[in-house]
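Worksheet: the structure to be examined is printed underneath.
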Amino acid sequence: MTIKIHPEVDKIKSNIIENRRDFHKHPELSFKEFRTSKIVANKLKSYGLEVKTGVGKTGVTADLVGNESGSSIALRADMDALPIQETSNLEFKSINDGVMHACGHDGHTAMLLGAARVLSNYKKKIKGRVRFIFQPAEEGKGGARYMIKDNALDGMNQIYGAHLWNYQQCGTISTKAGPVMAAADMFKINIRGKGGHGAMPQGTNDTILAASQLINSLQTIISRSTNPLESAVLTVGKINGGHNFNVIADHVKLEGTTRAYTEKNREMIKQKMKNIILGIEKITGAEIELDYEDGYPPVINDDICSKNLLHSASKVVSQAGEPYLTMGGEDFSYFANEIPGCFFFIGSAPKGTKPLEVPHHCSHFNIDEDALAIGSSAFVQLIEDLLIVN
Ligand code: NI
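For the sequence shown, this note's numbering gives the first residue as 6, with consecutive numbering after it.
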């Protein structure tokens, strides 16, 4: 495995790590990234970039305008942390109670700041425009949508975003064309029927039986209606109901999530759920109400952008290729639905651990900080390849 850190990134490597540690120590929840975005904006201004704050509430954008005209490329990082109490022993562990950078967004912010600092010295050489997008609220609140509404993508031709990825070894960069993150939706189901005595089921609608039939039938959507070569998940993660051992329950509540890599499967799952519910209503006589909430759409990478990224990444690491995919969601999808884009993964499994050993969103989450300079190098190399023609 060979790694070639970009020489200009190498010079500021320790500063990138310092920034990441500072963000890690001061994590902020979605749309509360006040300190983070202030620091980001001040640094971007000090690099001589055209900075806009308050884009999508706490978001920041900064434009690097080249001396000659050409393409416009957006690079995106997310800034928010999670409501998790950190249990690590890091010297820069979170000082904010119950808040933690457990997904690596501290690193994303530091990597893109590093790239912005290096690229800001290339103003004379750049043909076109680079927009650095620092996004709030990726963790569930869809900050990307708010930034798009505030015109963060105006005039942009392509967008690229990265995620540090503990499921891959440090020294790898990966992506592929097509879907790379899943649609992540949520549902609640309320089942109401006529309860009664446990010894006299006649005349009742047993909602516990209806719930059992429903859960079993819902799983057939994945096993019988989904193309086995395409991935999808349906999980009922919560069930509540019943009063006593000898009472037929009049009310059961279910909660769950569905995941799919394509809009087609996402719609299919939703429609089949409705059909199955109608059927179970008919055979049980219970009333079943579905409350289905759309989460983030799937992240679908553009063919050309993915090729561009892998081409540039292969100049940084010898192992640039297929990603370790999960059914997790990412709101980068909103950007990639507007303009061609590529979301890519930077291997960051901590030193001495195997990929998957320290998962994202766990309370002792950490990364291999060597991954930060790799990420910054990938962004710098990409812009050199796309906007600097020697
Ligand atoms: Ni994340």
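Don't be surprised by glycine CBs; every beta carbon is placed ideally from N, CA and C.
query, result
"Does the beta carbon of residue 29 fall short of 7 Å from some heavy atom of the ligand NI?", "no"
"Could you compute how far the alpha carbon of residue 163 sits from the alpha carbon of residue 8?", "26 Å"
"Does the distance from the C-beta atom of residue 137 to that of residue 67 stay below 8 Å?", "yes"
"If we ignore side chains and look at the alpha-carbon of each, how far apart do residue 300 and residue 205 end up?", "42 Å"
"Since residue 367 sits in a beta bridge, which residues does DSSP pair it with?", "DSSP lists no partner for residue 367."
"So, at 7 Å on beta carbons, what are the nonlocal neighbours of residue 60 in its own chain, with the 5 sequence-adjacent residues on each side left out?", "66, 152, 155, 157"
"Between residue 263 and the rest of its own chain, which residues show a CB-CB distance below 6 Å, the 5 nearest in sequence each way excluded?", "190, 239, 274"
"Within the continuous beta strand (DSSP E) that includes residue 197, where are the two ends?", "188 to 197"
"Can we say the stretch 314 to 334 touches the stretch 174 to 186, given the rule of at least three CB pairs closer than 8 Å?", "yes"
"My guess is that residue 383 and residue 318 are in contact by the Cβ rule of under 8 Å, so how many angstroms apart are they, rounded?", "5 Å"
"Just verifying my parser: in three-state terms, what is the DSSP assignment at residue 384?", "helix"
"With hydrogens ignored, establish whether the beta-carbon of residue 143 is closer than 7 Å to any heavy atom of the ligand NI.", "yes"
"Got a sec, what are the start and stop residues for the alpha helix (DSSP H) residue 14 sits in?", "12 to 16"
"Regarding residue 369 and the ligand NI, is the C-beta to nearest heavy atom distance less than 7 Å?", "no"
"With a CB to CB cut of under 6 Å and the five nearest residues on each side skipped, what residues in its chain are close to residue 42?", "63, 65"
"Just to check my reading of the structure: residue 179 and residue 350 have Cβ atoms closer than 8 Å, yes? What is that Cβ distance to the nearest angstrom?", "5 Å"
"Drop a sphere of 10 angstroms on the beta-carbon of residue 394, count the other beta-carbons inside from all chains shown, and report buried for 16 or more, exposed for fewer.", "exposed"
"Pull up the DSSP beta-bridge partners for residue 396, would you.", "Nothing about residue 396 can be read from this structure; the chain reaches only from 6 to 395."
"Please find out if some non-hydrogen atom of the ligand NI comes closer than 7 Å to the beta-carbon of residue 316.", "no"
"Using alpha carbons as the reference points, say which of 94, 194, 312, 252 lies closest to residue 201.", "252"
"Would you call the stretch 373 to 389 and the stretch 118 to 132 touching, i.e. three or more CB-CB distances under 8 Å?", "yes"
"Got a sec, what are the start and stop residues for the beta strand (DSSP E) residue 86 sits in?", "Run containing residue 86: none; DSSP gives neither H nor E here."
"Could you round the C-beta distance between residue 227 and residue 295 to whole angstroms and report it? I think they count as a contact, below 8 Å.", "About 17 Å; that fails the 8 Å criterion."
"Quick check: the Cα distance between residue 48 and residue 381, rounded to an integer number of angstroms?", "16 Å"
"Figure out for me which residue from 55, 159, 111, 16 has the closest Cα to the Cα of residue 373.", "111"
"Do residue 302 and residue 188 come within 8 Å of each other at the CB atom, strictly closer than that value?", "yes"
"In whole angstroms, what is the alpha-carbon distance linking residue 276 and residue 219?", "15 Å"
"Return helix, strand or coil for residue 169, following the three-state DSSP convention.", "strand"
"According to the neighbour-count rule (16 or more other Cβ atoms, all chains shown, within 10 Å of its Cβ), is residue 289 buried or exposed?", "buried"
"Which value, in whole angstroms, describes the spacing of the CA atoms of residue 116 and residue 377?", "6 Å"
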